[in-house]
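Peer 1: Next up is a structure, given as structure tokens.
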Amino acid sequence: MPRTQEQNQVIKDKRRGKLLATALKVFAAEGYDDVTIDSITKASKCSHGLFYHYFPAKPDVFRALLSENIMHSGALPPLKAALKARGVKGLAVLRDYLNKIDGASISDVYVAKIACFLIDEESLPKEFVAFAEENNLRGVFETLIHQGQETGEVIAGDPAEISLAIIDLLEAAFARRLEHGAKAKLVSADIIFGMLLRGAVRE
70 MPRTQEQNQV
80 IKDKRRGKLL
90 ATALKVFAAE
100 GYDDVTIDSI
110 TKASKCSHGL
120 FYHYFPAKPD
130 VFRALLSENI
140 MHSGALPPLK
150 AALKARGVKG
160 LAVLRDYLNK
170 IDGASISDVY
180 VAKIACFLID
190 EESLPKEFVA
200 FAEENNLRGV
210 FETLIHQGQE
220 TGEVIAGDPA
230 EISLAIIDLL
240 EAAFARRLEH
250 GAKAKLVSAD
260 IIFGMLLRGA
270 VRE
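So the sequence shown is numbered by the working numbering: it starts at 70 and just counts up by one.
Here you go:
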């Protein structure tokens, strides 16, 4: 007995969902610049033809991920809240976020990795730049560090260089987590926060 239209749609939706789930992992692991259709199809164990049935090109699958997965995730960095809190209190907001991500599901780790480091991708289409800028973790760290230095609560040094050092630590930690799973912890956000502070400030 042939499948009904509804049954066919269920199968199509399932295949598309599997492609998106795999693409999320691949974009997190490789970064937008290095992802290819081939890398997604190999990870999904599907043909190029099946991929193109759902997504005409790489930007299309990434657009779908943004609208259907990433934008609705609770794993996006709370950068507006951190900037509103300012200085050391803002850094504490990011500390709490990173601690939360450290214990989060692997799909949330994928979302966090993509969002926090998308700003560094060189081939990013213009339509995704606004999202990348809104989630520019490095830039927010730099701003908060500068504010903390003005109040004497954060260590001296170039805020841009300190921020870059933190991001390098986090990026390496995310890479380990994606490769080895939950047994690979992120860099302790409490340690990073403590390294930034002067004196006994521990809010």
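For every residue, glycine included, the Cβ atom is placed at its ideal position computed from N, Cα and C.
Can you tell me where the alpha helix (DSSP H) holding Asp171 begins and where it ends?
Peer 2: Counting along the chain, the alpha helix (DSSP H) containing Asp171 begins and ends at Gly156 to Asp171.
Peer 1: Is Val104 helix, strand or coil by DSSP?
Peer 2: Val104: coil per DSSP, three-state reduction.
Peer 1: Taking only three categories from DSSP, how would you classify Val256?
Peer 2: Val256 falls in the coil class under three-state DSSP.
Peer 1: Which one of Leu134, Arg155, Asn138 and Leu213 has the shortest CA to CA distance from Asp227?
Peer 2: Out of Leu134, Arg155, Asn138 and Leu213, Leu213 has the C-alpha closest to the C-alpha of Asp227.
Peer 1: Which one or two residues does DSSP pair with Leu266 in a beta bridge?
Peer 2: Paired residues: Val223.
Peer 1: When the Cα atoms are used, what is the spatial distance from Glu202 to Arg164?
Peer 2: If you take the alpha carbons of Glu202 and Arg164, they lie about 20 Å apart.
Peer 1: What do you reckon, are the CB atoms on Ser192 and Asp102 nearer than 8 Å?
Peer 2: Yes, they are a contact pair.
Peer 1: Go ahead and label Pro146 buried or exposed: buried means 16 or more other beta carbons lie within 10 angstroms of its beta carbon, across all protein chains shown.
Peer 2: Answer is buried; the Cβ neighbour count reaches 16.
Peer 1: Skipping 5 residues on each side, what residues in its chain have a beta carbon closer than 6 Å to that of Phe243?
Peer 2: Only Lys182 meet the Cβ criterion.
Peer 1: So is Lys195 buried or exposed if we call it buried at 16+ other beta carbons inside 10 Å?
Peer 2: Classification of Lys195: exposed, given that the 10 Å Cβ count is below 16.
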